[in-house]
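Quick notes on the structure that follows.
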Amino acid sequence: ESDLNLTQIAMSLGLENVEYEPEQFPGLVYRVEEPKVVLLLFGSGKVVCTGAKEENEIEQAVIKVKKELQKVGLI
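For the sequence shown, my numbering puts the final residue at 341, and the numbers step up evenly by one.
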């Protein structure tokens with residue numbers, strides 16, 4: 267667990283897949299296209315995954331977003 271800068275993450279992941287309105291909801295909503303799941307990222311570093319049909323889809327989605335954030339130096 268570590269603190270995440272959700273504003274920077276929202277900009278780096280691309281606005282087409284991200285919803286981030288901290289005045290309305292404290293988490294960043296990231297819609298992953300493949301596998302088709304939604305990740306909620308919180309500033310605390312916690313992640314909630316919804317919409318997965320199988321457990322391996324959760325792992326795939328988390329690995330995907332982790333790689334994307336590592337690529338731009340945010341984690």
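Just so it is clear, CB atoms sit at the ideal spot from N, CA and C, and this is done for glycine as well. All of these numbers come straight from a predicted model, not from anything done at the bench.
- Nearest C-alpha to P288 among L306, K319, V328, G317: L306.
- When the alpha-carbon of E299 is set against those of T273, V284, G311, Q290, the nearest one is in V284.
- Judged by their CB atoms, P301 and Q326 are nearer to each other than the 8 Å cut-off.
- The DSSP assignment places complete beta strand (DSSP E) segments of no fewer than 3 residues inside the segment 295 to 338 at 303 to 307, 313 to 316, in order along the chain.
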